[in-house]
Every structure is written in C-alpha cells, then in structure tokens.
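Here the working numbering runs 50 ahead of the position in the sequence shown, where the first position is 1.
The C-beta atom is built at its ideal place from N, Cα and C for all residues, glycine as well.
Structure first, then comments.
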Amino acid sequence: MVNFTLTTATAISASQPLAATELAHAVGADTAWVVQLVEVGILRIEPAETQPERWQFSSTDLQCALEARRLERDFGVGLDAAALILDLQHEVRRLKAVLHAHRLG
51 MVNFTLTTAT AISASQPLAA TELAHAVGAD TAWVVQLVEV GILRIEPAET
101 QPERWQFSST DLQCALEARR LERDFGVGLD AAALILDLQH EVRRLKAVLH
151 AHRLG
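Given below as structure tokens:
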C-alpha cells in the first residue's frame with residue numbers, strides 16, 4: 051500500500067484575495083473563528099464591511115491568522131491574548147528595523 055499526500059494551492063494576490071470561508075479553510079477553522087479574529091483586531095477589514103461573506107483577505111491576513119491559530123494550539127491562549135502577542139511581535143520587528151536602519155542593531 052502506498053501512502054501519499056495531496057496538496058492544493060491557492061494563489062493570493064490583490065486581484066485574487068481570499069474570502070472568509072477560504073481563509074477559515076486554509077487555517078483549519080470555521081468562519082465564526084475568522085469573525086472573532088476581526089472582532090479582536092487581529093484582522094482588519096478595509097473598507098469596513100459588515101457582512102462576513104463579503105470580506106476579502108490578503109496573504110498578510112492569512113499569515114496573521116496562521117500565527118493566531120498556532121498560538122491557540124501550541125500555548126492555549128485566547129484570541130485576546132493572541133492579538134496582544136501579535137501586536138507586540140509586530141512592534142518588536144518594527145523597532146528592530148528602525149535600529150538596523152540607524153545601524154544600531
């Protein structure tokens with residue numbers, strides 16, 4: 051018996067963003083979880099669209115959702131804590147870039 055893994059890929063670009071259902075599927079969650087990510091500020095919707103079925107997400111949003119999912123799975127944190135952790139990680143990366151730009155880091 052031969053075992054194999056089938057992998058599918060979806061291109062994500064400005065002209066081909068992900069819908070909420072596609073983002074949920076990509077991270078192994080449901081759409082309600084994606085709605086929670088928006089509610090706690092991990093994901094932002096531009097323009098502010100109220101209907102989740104009309105939301106569109108970028109590859110950066112997918113990366114944030116995957117990081118939030120990993121924090122939930124690996125460390126058991128809630129989404130509020132995940133939002134704080136992700137914000138702090140972003141700020142650390144930004145500050146490191148500033149230091150590097152000024153040749154201090």
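- Would you call Ala82 buried or exposed, if buried means 16 or more other Cβ atoms sit within 10 Å of its Cβ? exposed
- Task: Using only alpha-carbon positions, find the residue among Lys146, Val148, Ala131 and Glu141 that is nearest to Leu87.
- Result: Closest by C-alpha distance to Leu87, out of Lys146, Val148, Ala131 and Glu141, is Ala131.
- Task: Tell me whether Ala98 sits in a helix, a strand or coil according to DSSP, three-state version.
- Result: Residue state, collapsed to three classes: coil.
- Query: For Arg120, which option in Arg143, Met51, Glu103 and Gly78 has the closest C-alpha, if you only look at C-alpha atoms?
  - Reply: Gly78
- Task: Kindly identify the DSSP beta-bridge partner or partners of Leu68.
- Result: Phe107
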